[in-house]
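K.L.:
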Amino acid sequence: IRRIALARFDVTINLSHNGKIVRQYRAVPEGGQKERRLGAICGTAFLEQALAIEWQHGDLTLRGWVADPNHTTPALAEIQYCYVNGRMMRDRLINHAIRQACEDKLGADQQPAFVLYLEIDPHQVDVNVHPAKHEVRFHQSRLVHDFIYQGVLSVLQQQLETPLPLDDEPQPAPRPIPENRVAAGRNHFAEPAAREPVAPRYSPAPASGSRPAAPWPNAQPGYQKQQGEVYRQLLQTPAPMQKPKAPEPQEPALAANSQSFGRVLTIVHSDCALLERDGNISLLALPVAERWLRQAQLTPGEAPVCAQPLLIPLRLKVSGEEKSALEKTQSALAELGIEFQSDAQHVTIRAVPLPLRQQNLQILIPELIGYLAKQSVFEPGNIAQWIARNLMSEHAQW
């Protein structure tokens, strides 16, 4: 009964025995408050610890609730419900992603509690795996795993950050939902699948009274604050040894400065930062600032960039020329945190640096291999510069 009631909030369910109502779950209209019915089904203990998730990108959407792992009890651990396109699932990949996101806060004998709804393009799922259809096979299993992992992890991180800042943005009455949405907007999984060529990351501000276009679900009044945070993070990051050569007119003048471009005064037209330094005023394009930030994060310093192992290694077929280029550049890639193994016709990517962990590696890595196959000199700085530029392209983010 619980599984059915959680699957359809729009259906009233009455369970009676000998003429007496045993369970009654009232329907919730679309857009209504679902927490009341959630509490009736899963109990008030789960509702009190539930953190709402609203995580979306492209054809992937994750909604629902996960209990705060710091207050998980054996009774709450029995609440583990996951639905894929409305069908109840007990999928190991989904459970592993949730468990991995909570593992730092769970004991060895504890289990996470959650009610989650994953929506995905039906063509990307094979349901003919389990006789009872309780398991599925995702065609892009690693991407689905990372998507769920980041969705749950961002909500948990937002929960830790909530008491600290004094947010001047108005928050609606329901406690977790808007906060988690903002957290999702800061992650690349919540960015658009396609980008406008004029402004690849920062779209113009929407007209008064109008809503942003569909590809920009995260655009909101507080977005300028997030843009400023991107630039402030750039100022705190040591500049790479080799500055990128770019056609933008802002870069040559600003690149002459060492590790600081000045103080951020305000954000202009949602895509430029107005700076002040030594009494001089200048403008910096935020897409350029973020590209430099990424390059600084990717460029190895005294020690190589830390590699992040992939849960599901990425296996790609390569040509002889591409394999030769990879073998020549293996040491340079290792300094950037990219680790791989190769055989006769394939290469298996086993680890990538943190800035690449949230990218669509099935597109990015083949493009990187193609770039390396055309080069004769393999310097980590040049490779880091290429990756930083490519992350801003419409192919880099999903």
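Once you know that position 205 of the sequence shown is 205 in the UniProt record's numbering, the rest is easy, because the numbers rise by one and skip nothing.
Idealized CB from N, CA, C, for every residue including glycine.
Have a look at I21 and D104 and give me their C-alpha separation to the nearest angstrom.
P.N.:
Rounded to the nearest angstrom, the two C-alpha atoms are 42 Å apart.
K.L.:
Taking just the CA atoms, how far does T348 sit from P313?
P.N.:
Each residue's alpha carbon lies about 6 Å from the other.
K.L.:
In the DSSP assignment, find the alpha helix (DSSP H) that holds E276 and state where it starts and stops.
P.N.:
Looking at the DSSP string, E276 is not in any alpha helix (DSSP H); the run it does join, the beta strand (DSSP E), is 272 to 277.
K.L.:
Do you know how far the Cα of G320 is from the Cα of G31?
P.N.:
Looking at the two C-alpha atoms, the distance is approximately 55 Å.
K.L.:
Below 8 Å CB to CB, which residues in the same chain sit around Q49 once its five sequence neighbours on both sides are set aside?
P.N.:
Same-chain partners within the cutoff: A67, D68, H71, T72, L76, A113.
K.L.:
Here's the rule I'm using: 16 or more other beta-carbon atoms within 10 Å means buried, otherwise exposed. How should I281 be labelled?
P.N.:
Exposed, since its Cβ has fewer than 16 Cβ neighbours within 10 Å.
K.L.:
Apart from the five residues just before and just after P355, which ones in its own chain have a Cβ nearer than 7 Å to its Cβ?
P.N.:
These residues qualify, in order along the chain: R294, Q297, L298.
K.L.:
Could you have a look at A5 and say whether DSSP puts it in helix, strand or coil?
P.N.:
Looking at A5 - three-state DSSP - the assignment turns out to be helix.
K.L.:
My output table needs one value for A307: the three-state DSSP class, helix, strand or coil.
P.N.:
In this structure, A307 counts as strand in the three-state DSSP scheme.
K.L.:
Is the separation between the beta-carbon of L336 and that of H145 shorter than 8 Å?
P.N.:
In this structure, H145 does not lie closer than 8 Å to L336 by Cβ.
K.L.:
DSSP three-state label for R211, please.
P.N.:
For R211, the pLDDT reaches just 38, beneath the cut-off of 50, and the residue's location in the model is therefore unreliable, leaving the point undetermined.
K.L.:
Is the stretch 89 to 99 in contact with the stretch 51 to 59, if contact means three or more CB pairs nearer than 8 Å?
P.N.:
Touching, no, given that fewer than three Cβ pairs across the two stretches are closer than 8 Å.
K.L.:
What span of residues does the alpha helix (DSSP H) with I349 cover, start to end?
P.N.:
Unbroken run through I349 is the beta strand (DSSP E), 346 to 353; no alpha helix (DSSP H).
K.L.:
Answer with buried or exposed for I338, where buried requires no fewer than 16 other C-beta atoms within 10 angstroms of its C-beta.
P.N.:
Under this definition I338 is a buried residue.
K.L.:
Using a threshold of 8 Å, state whether the C-beta atoms of R350 and P380 are closer than that.
P.N.:
Not in contact: R350 and P380 (Cβ atoms no closer than 8 Å).
K.L.:
Helix, strand or coil: how does DSSP classify I338 here?
P.N.:
In the structure shown, I338 sits in coil (DSSP, three-state: anything other than H, G, I, E or B).
K.L.:
Count the other C-beta atoms from every protein chain shown that fall within 10 angstroms of the C-beta of V182, then say buried if there are 16 or more, exposed otherwise.
P.N.:
Annotation note: pLDDT 33 at V182 (below 50); position unreliable, no value reported.
K.L.:
The alpha helix (DSSP H) spanning I369 covers which residue range?
P.N.:
Per DSSP, I369 belongs to the alpha helix (DSSP H) from 361 to 373.
K.L.:
Using only the alpha-carbon positions, how far apart do A45 and L15 sit?
P.N.:
Roughly 22 Å separates the two Cα atoms.
K.L.:
Hey, L38 and V115: beta-carbon distance below 8 Å or not?
P.N.:
Yes, the Cβ-Cβ distance between L38 and V115 is below 8 Å.
K.L.:
Is P300 buried or exposed, if buried means 16 or more other CB atoms sit within 10 Å of its CB?
P.N.:
It is buried - the Cβ of P300 has at least 16 other Cβ atoms within 10 Å.
K.L.:
My output table needs one value for V152: the three-state DSSP class, helix, strand or coil.
P.N.:
V152: helix per DSSP, three-state reduction.
K.L.:
Near P366, what residues of its chain come up, given a Cβ to Cβ distance below 7 Å and the 5 sequence neighbours on each side ignored?
P.N.:
So the qualifying residues of the chain are L316.
K.L.:
By a C-beta neighbour count over all protein chains shown, 10 Å radius and 16 as the cutoff for buried, is V11 buried or exposed?
P.N.:
So V11 counts as exposed.
K.L.:
Cβ atoms of D126 and V136: under 8 Å apart, would you say?
P.N.:
Taking 8 Å as the Cβ cut-off, V136 and D126 qualify as a contacting pair.
K.L.:
Taking a contact to mean a Cβ-Cβ separation below 8 Å, would you say Q124 touches Q140 in this structure?
P.N.:
The answer is yes: Cβ separation under 8 Å.
K.L.:
Can you tell me the Cα-Cα spacing of H269 and L275, whole angstroms?
P.N.:
Answer to the nearest angstrom: the Cα atoms are 14 Å apart.
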